[in-house]
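Report on the following structure.
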Amino acid sequence: MKIFAGYDCGGSKTKCIIADESGEILASAEEGPSNFLSCGYEIARKSIKECTRQALIKAGLEEDQKIYSAYIGSASVELFSQNERIYNFFRSCVNAEHLGINNDAYIAWYGTTFGSTGIISIAGTGAVTYGIREDGSWKKVGGWGYLIGDDGSGYSLGRKALQLAVKSYDGTIEKNKFEEEIIKFFGLGSMRELVGMLYHDPYQGVKIVASAARCVFELFNVDYYLAVEVIDEAVSQIADAIYAVYSSLDLRNQFIKIGVSGGVFYRGGSKLLDLLQSKLIERGVEKFCLTFPHIPPEVSALLLSYSQVKHQNYEKIKQAILCRFKNNNEVDQNCVF
242 MKIFAGYDCG
252 GSKTKCIIAD
262 ESGEILASAE
272 EGPSNFLSCG
282 YEIARKSIKE
292 CTRQALIKAG
302 LEEDQKIYSA
312 YIGSASVELF
322 SQNERIYNFF
332 RSCVNAEHLG
342 INNDAYIAWY
352 GTTFGSTGII
362 SIAGTGAVTY
372 GIREDGSWKK
382 VGGWGYLIGD
392 DGSGYSLGRK
402 ALQLAVKSYD
412 GTIEKNKFEE
422 EIIKFFGLGS
432 MRELVGMLYH
442 DPYQGVKIVA
452 SAARCVFELF
462 NVDYYLAVEV
472 IDEAVSQIAD
482 AIYAVYSSLD
492 LRNQFIKIGV
502 SGGVFYRGGS
512 KLLDLLQSKL
522 IERGVEKFCL
532 TFPHIPPEVS
542 ALLLSYSQVK
552 HQNYEKIKQA
562 ILCRFKNNNE
572 VDQNCVF
């Protein structure tokens, strides 16, 4: 039996799903982080190998079963990278006859467009926007990391929330609700406890700052004016990135899907997406549909594992997998013609 596998290798978790040659899902598994840029190669390798092992065992297969075709999406890989060292690293993680590797944005894009020209904007802890054409040409905006970029990301939102909270605490600005919200969210006895919490471990500090974005959304959802201003600025930055991609690839004369993925979009929901749609229209983006990816990233990678070997029943398998996994989102209806 030929085994096919899809992987989503992220900064906090690794997801793997395996299926047989007919497209029947056999099992899935989840393990720890596998973005080697943040967790290191050894932890990443351990997570990927264990995730594969668990999926194979759940499927009733031998834990060292060779996979026929596997596809990996990872934030640690540049789009369409041909880096042999990185390829060999993933080769050491997955025992596969055919192995495809690409950036995690690519599998999110594929799960949105299924290979058609389109844009994917990801705003999680960090932020990046890609436009990819059917012919493989592409444009990237963002992805510079929290030190110099990531406008519109969870990190940038959390940082703004913390800044408003500590300035309120210090009395350099008028008292605001962020002070109370941050103290409650982190369970602080005093605002000064933030210093030790944020700077003890720089890597954990980044995640802590990004988590504070939840306070922005809590207040945004009750229309607190400062939170509305923070979200408005972030959405403007995301719209600028999308428009830069749209203009660079000259997508004006065709209908495109613009996929959105990441915690900022999921927490902001339709309210944030309506705002983004308005800002895109203001910038001159035409004929587009805002949507979340239709399937989870590891499932998108699974489809790519069939596609890369030109499986003769790919279309049939794709439809069956879509029926099982497709997300139903009202945001799919946010179209402009």
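Throughout the sequence shown, residue numbering follows the numbering used here, covering 242 to 578 in sequence. Virtual Cβ for every residue (Gly too), placed ideally from N, Cα, C. Remember, predicted model here, so these are calculated numbers, not experimental data.
Can you give me the C-alpha to C-alpha distance between GLN295 and ILE327, rounded to a whole angstrom? 24 Å
Hey, could you find the ends of the alpha helix (DSSP H) GLY377 is sitting in? Taken as a continuous stretch (DSSP letters only), GLY377 belongs to no alpha helix (DSSP H), as it is neither H nor E.
Practice problem: Verify the contact flag: LEU278, CB atom, against every heavy atom of the ligand NAD, threshold strictly below 7 Å. | Solution: Absence of the ligand NAD from the depicted structure is noted, as is the absence of any ligand whatsoever, leaving it without description.
Residues that GLU271 bridges to, as DSSP identifies them: LYS256
Original post:
Which same chain residues, not among the five before or five after LYS220, have their C-beta less than 6 Å away from its C-beta?
Top reply: Residue 220 cannot be examined here, being either before or after the span of the chain that is shown, 242 to 578.
Requested in this report: Go to ALA316, then tell me how far its beta strand (DSSP E) extends in each direction, as first and last residue.
Outcome: It is not in any beta strand (DSSP E) - ALA316 carries neither H nor E in the DSSP assignment.
**OP:** Tell whether a beta-carbon distance below 8 Å holds between VAL540 and ILE562.
**Re:** yes
* Asked: In chain order, what residues of the same chain have a beta carbon less than 8 Å from the beta carbon of LEU467, not counting five sequence neighbours either side?
  -> Once the five neighbours on either side are set aside, the close Cβ partners of LEU467 are LEU405, ASN417, LYS418, PHE419 and LEU460.
Quick check on SER502: does DSSP put it in helix, strand or coil?
strand
Please confirm whether TYR466 has its beta-carbon closer than 8 Å to some beta-carbon of chain D. In the structure shown, chain D does not exist; there is a single protein chain.
request  = State the DSSP-derived secondary structure class of ALA406, mapped to helix, strand or coil.
outcome  = helix
Does the Cβ-Cβ distance between ALA454 and PHE426 come in under 8 Å?
no
Contact set for ARG524: own chain, Cβ-Cβ below 7 Å, skip 5 residues either direction: ALA480 and TYR484
Discussion item. Helix, strand or coil, according to DSSP, for ASP345 in the structure here?
Written reply: helix
task = For THR354, count neighbouring Cβ atoms within 10 angstroms of its own Cβ and tell me buried if that reaches 16, exposed if not.
result = buried
- Item | Whole-angstrom C-beta distance between ALA300 and ILE259, which should lie under 8 Å | Contact flag correct, Cβ pair sits at about 6 Å.
**Prompt:** What's the C-alpha gap between LEU267 and ALA475?
**Reply:** Here the alpha carbon of LEU267 sits roughly 41 Å from the alpha carbon of ALA475.
Nearest-angstrom Cα distance between ASN344 and GLN495?
-> 25 Å
Could you check the C-alpha separation between GLN574 and ASP376 for me, to the nearest Å?
Legend: pLDDT at GLN574 = 48, less than 50; position of this residue unreliable, no value from coordinates given.
_Less than 8 Å between the C-beta atoms of PHE529 and LEU521, yes or no?_
yes
Check: Thinking C-beta only, is GLY500 closer than 8 Å to PRO537?
Finding: no
At which residues does the beta strand (DSSP E) containing PHE277 begin and terminate?
-> Judged by DSSP secondary structure, PHE277 falls outside any beta strand (DSSP E) and instead within the alpha helix (DSSP H) spanning 277-280.
To the nearest angstrom, how far is it from the Cα of CYS456 to the Cα of GLY395? 11 Å
Give me the Cα-Cα distance between VAL469 and SER477, rounded to the nearest whole angstrom. 12 Å
Taking the C-alpha atoms as reference points, what is the distance between LYS254 and GLU283? 14 Å
**Message:** For the beta strand (DSSP E) containing TYR371, name the first residue and the last one.
**Reply:** 368-373
Note to self: Give me the residue from ILE373, SER409, ILE414 and GLY367 with the minimum Cα distance to ASP392.
What the structure shows: GLY367
*From ILE298, SER409, SER378 and THR293, pick the residue whose C-alpha is nearest to that of TYR333; which is it?*
The question names Tyr, but residue 333 in the sequence shown is Ser. Taking SER333 as reference, the option from ILE298, SER409, SER378 and THR293 with the minimal CA-CA separation is THR293.
Original post:
Can you tell me where the beta strand (DSSP E) with PHE529 in it begins and where it stops?
Top reply: Run containing PHE529: 529-532, per the beta strand (DSSP E) assignment.
- Query: Residues in its own chain within less than 7 Å of SER304 by CB, not counting five upstream and five downstream?
  - Reply: Here residue 304 turns out to be Glu, not Ser, going by the sequence shown. If we look at GLU304 and ignore the five residues flanking it on each side, its Cβ neighbours are ARG294, LEU297 and ILE298.
Are the CB atoms of ILE423 and MET438 nearer to each other than 8 Å?
no
**Report entry** Beta-bridge partners of ASP211, as assigned by DSSP
**Finding:** Here the chain comprises residues numbered 242 to 578, so residue 211 is not present and cannot be evaluated.
query = To the nearest angstrom, how far is it from the Cα of ILE244 to the Cα of SER431?
reply = 54 Å
So what's GLU304 in DSSP terms, helix, strand or just coil? coil
- Query: To the nearest angstrom, how far is it from the Cα of GLY554 to the Cα of TRP385?
  - Reply: Per the sequence presented here, residue 554 reads as Asn, with Gly not at that position. Across the structure, ASN554 and TRP385 are spaced so that their CA atoms are roughly 40 Å apart.
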